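Enquirer: Got a structure for you, written out below as structure tokens; questions coming shortly.
Residue numbers (the numbering used here): 411 to 493.
Next comes the structure, spelled out in structure tokens:
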């Protein structure tokens, strides 16, 4: 299944390692994850500056999304029937 992260970005839900809430205040651990991803050029910010609500850690990339972590979690792990 695929999940829409916002701003026309779609990823496979199977590649998701973690969906984390980054609405203020942001912990130092999350800042370290973001900084490390920036250094490795694996950070993709698909939200506008200051509009980040969720951090999605995947196998190969880290995404900053304008959609809340709760909504993304529901999209990724809800059980839809295949038709």
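Built from N, CA and C at the ideal position, the CB exists for glycine as well. Because the structure is a prediction, the values reported are computed rather than measured.
#1: Looking at the structure shown, is residue 475 part of a helix, part of a strand, or coil, going by DSSP?
#2: Any idea if residue 472 is buried or exposed, counting beta-carbon neighbours within 10 angstroms, 16 or more meaning buried?
#3: Out of curiosity, what's the CA-to-CA distance linking residue 456 and residue 488?
#4: Mapping the DSSP letters down to three states, classify residue 422 as helix, strand or coil.
#5: According to DSSP, residue 431 sits in a beta bridge with which residue or residues?
Expert: A quick look at the data gives this:
#1: strand
#2: By the Cβ neighbour-count rule, residue 472 is buried, with 16 or more other Cβ atoms within 10 Å of its own.
#3: Taken atom to atom, the span from the alpha-carbon of residue 456 to that of residue 488 is near 23 Å.
#4: strand
#5: 464
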